[in-house]
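A quick write-up on the structure given underneath.
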Amino acid sequence: MTDTIFHKIIRREIPADIVFEDEHVIAFRDIAPQAPVHVLFVPKVDVATLNDLPASQPEVVGRLAIAAAAYAKREGFADDGYRVVINCNGHGGQTVFQVHLHLLAGAPLGRFGTARDS
Ligand code: AMP
Numbered sequence: 000m001t002d003t004i005f006h007k008i009i010r011r012e013i014p015a016d017i018v019f020e021d022e023h024v025i026a027f028r029d030i031a032p033q034a035p036v037h038v039l040f041v042p043k044v045d046v047a048t049l050n051d052l053p054a055s056q057p058e059v060v061g062r063l064a065i066a067a068a069a070y071a072k073r074e075g076f077a078d079d080g081y082r083v084v085i086n087c088n089g090h091g092g093q094t095v096f097q098v099h100l101h102l103l104a105g106a107p108l109g110r111f112g113t114a115r116d117s
């Protein structure tokens, strides 16, 4: 079984600031926030990267997006807007190999998607 820091959070072996949880998804504040609101949405099934998401299971990532939008509405910043990001592997900047969706909000966000040295 894959074991990452996020699996340990799911199993309550290490603490996290959990803001949402249901049968399929857990969401908690990023320990190194990159925006005033920075929450990670993580599935409870093992999927290391977006590359590993089975075509037969689009709901795994779909649920992350639904949960993120619901959180944005509940917290009152959905209309102002927000960004969701899934990093994949080295060039994407992925550091924890359990797929997860970043929700960034709380202020106008800068541009993104440019190569580091361009
Ligand atoms: P990524 O680089 O897309 O794999 O994102 C991993 C994210 O997990 C980073 O933004 C980290 O700051 C965050 N992170 C790492 N450890 C923890 C933790 N114990 N609790 C909350 N967030 C964490």
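In numbering that gives the first Met the number 0, the protein residues as written are 0 to 117. Backbone N, C-alpha and C fix where the C-beta goes; we use that ideal spot for every residue, glycine too. Remember, predicted model here, so these are calculated numbers, not experimental data.
Measuring only from the beta carbon, is residue i closer than 8 Å to any heavy atom that is part of ligand 2?
i          : result
residue 27 : This structure simply doesn't include ligand 2; it includes ligand 1 instead.
Please name the residue or residues paired with residue i in a DSSP beta bridge.
i           : result
residue 42  : 24
residue 6   : According to DSSP, which records beta bridges pairwise, residue 6 is partnered with nothing at all.
residue 102 : 38, 83
residue 19  : 26
Near residue i, what residues of its chain come up, given a Cβ to Cβ distance below 8 Å and the 5 sequence neighbours on each side ignored?
i          : result
residue 66 : 19, 21, 24, 26, 40
residue 51 : 98
residue 88 : 48, 50
Return the Cβ separation of residue i and residue j in integer angstroms, given the expectation that the two are a contact with Cβ distance under 8 Å.
i           : j          : result
residue 42  : residue 62 : 7 Å
residue 100 : residue 83 : 5 Å
residue 94  : residue 47 : Actually they are not in contact, since the Cβ atoms of residue 94 and residue 47 sit about 12 Å apart, beyond 8 Å.
Within the same chain, show all residues whose beta-carbon is closer than 7 Å to that of residue i, passing over the 5 residues directly before and after it, in chain order.
i           : result
residue 6   : 97
residue 117 : Bear in mind that the predicted position of residue 117 carries a pLDDT of just 49, short of 50, making it too unreliable to give a figure here.
residue 74  : none
residue 59  : 42, 44, 46, 52
State yes or no: is the C-beta of residue i within less than 9 Å of the C-beta of residue j?
i           : j          : result
residue 71  : residue 49 : no
residue 77  : residue 68 : yes
residue 86  : residue 80 : no
residue 104 : residue 15 : no
residue 38  : residue 29 : yes
residue 4   : residue 17 : no
Using C-beta distances below 6 Å, list every residue in its chain close to residue i, excluding the 5 sequence neighbours before and after it, in chain order.
i          : result
residue 56 : none
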